[in-house]
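Below is one structure; the comments refer to it alone.
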């Protein structure tokens, strides 16, 4: 019986969860993707899309037939049909689909489902914590937004993601952030935008589920200097979703789930935390930076 995912997960998460269970069933049955496709009168590519959670339209009837082909017990079939029904509810960000890259849909679903998020960034405030004005500057600088309306909607997605940090049920994720000192020093968007953004960081840092530390210039070199930015996501113990490192680039992203890859990032993250300023000193440094930008 698949473990019950948390109720706030979006449809992308449910499709990935369902796909993982169906793949497990197929492998247990000894069938290849070609054989399964032949039984369902599909090609193997469709089987692979379903198992990866990228088949956007999946009927409960199809899930029931796949379970029958794989010899699944009635109770398991019923549970997987339930996951399929959950996937039909849709993600909140689907209404922004015209401004969200397809590769980022997966990240949004993982962020929604995560119980713990470790974030390191060297240049910019984490997307999850950006203000509307700061996000607009970032998107405008990176390019890709065709007009002001697209810029507005892309920034709105970033701000709307923040609701997860203060939700009442289920528990919000534990967010642990390490910022390179450059993040609070570089005047992105000018002094007023930075002052507003840093005040927002102080507010986020006051949340009981958020920790924030600055890695100071004085700490010197560190193991993440070639990494730029990454996010380490952890999920409920009962979930089959593996710990995942998200690494975003200009026009795509990498999702690392191999144990040795994830462990390397964990080791670097732990070292960054140990060598960073404590939370109280971090807040004091950010507050001083706010004052400096306000006086500029």
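Numbering (UniProt numbering), first residue to last: 1 to 296.
Every residue, glycine too, gets a C-beta built ideally from N, C-alpha and C.
So for residue i, helix, strand or coil by DSSP?
| i | result |
| --- | --- |
| residue 154 | helix |
| residue 278 | coil |
| residue 261 | helix |
| residue 244 | strand |
| residue 229 | strand |
| residue 119 | strand |
| residue 213 | strand |
| residue 65 | helix |
| residue 234 | strand |
| residue 90 | coil |
| residue 147 | coil |
| residue 295 | coil |
| residue 163 | helix |
| residue 239 | coil |
| residue 125 | coil |
| residue 285 | helix |
| residue 272 | helix |
| residue 169 | coil |
| residue 59 | coil |
| residue 219 | helix |
| residue 99 | helix |
| residue 185 | helix |
Is it buried or exposed for residue i, if we count other Cβ within 10 angstroms and need 16 for buried?
| i | result |
| --- | --- |
| residue 278 | exposed |
| residue 61 | exposed |
| residue 235 | buried |
| residue 237 | exposed |
| residue 17 | buried |
| residue 244 | buried |
| residue 267 | exposed |
| residue 20 | buried |
| residue 282 | buried |
| residue 225 | exposed |
| residue 105 | buried |
| residue 127 | buried |
| residue 208 | exposed |
| residue 87 | buried |
| residue 25 | buried |
| residue 80 | buried |
| residue 118 | buried |
Using CA atoms only, rank isn't needed, just tell me which of the options is closest to residue i.
| i | options | result |
| --- | --- | --- |
| residue 247 | 241, 174, 120 | 120 |
| residue 91 | 217, 154, 15, 52 | 15 |
| residue 242 | 262, 229, 250 | 262 |
| residue 218 | 233, 78, 181, 114 | 181 |
| residue 294 | 42, 184, 196 | 196 |
| residue 296 | 88, 192, 201 | 192 |
| residue 275 | 221, 97, 77 | 221 |
| residue 185 | 156, 280, 122 | 122 |
| residue 259 | 84, 115, 162, 232 | 232 |
| residue 39 | 141, 189, 63 | 63 |
| residue 12 | 58, 42, 280 | 58 |
| residue 305 | 223, 33, 28 | In the structure as shown, the chain starts at 1 and stops at 296, and residue 305 therefore has no counterpart that could be examined. |
| residue 82 | 96, 67, 190 | 67 |
| residue 113 | 167, 139, 151, 194 | 167 |
| residue 269 | 170, 230, 169, 41 | 230 |
| residue 172 | 111, 37, 143 | 111 |
| residue 115 | 143, 160, 164 | 164 |
| residue 103 | 265, 280, 187, 252 | 252 |
Locate the alpha helix (DSSP H) running through residue i, then write down its first and last residues.
| i | result |
| --- | --- |
| residue 140 | 132-142 |
| residue 105 | 102-113 |
| residue 202 | 191-205 |
| residue 14 | 11-29 |
| residue 77 | 74-87 |
| residue 37 | 33-40 |
| residue 44 | 44-52 |
Note the first and the last residue of the continuous beta strand (DSSP E) segment covering residue i.
| i | result |
| --- | --- |
| residue 175 | 174-180 |
| residue 254 | 253-256 |
For the segment 269-286 and the segment 125-143, state whether three or more C-beta atom pairs, one from each stretch, are separated by less than 8 Å. no
Is the segment 159-178 touching the segment 212-220 in the sense that three or more CB pairs, one from each, lie closer than 8 Å? Contact holds: three or more Cβ-Cβ distances are below 8 Å.
Touching or not, the segment 68-88 and the segment 42-51, by the rule of three or more beta carbon pairs under 8 Å? no
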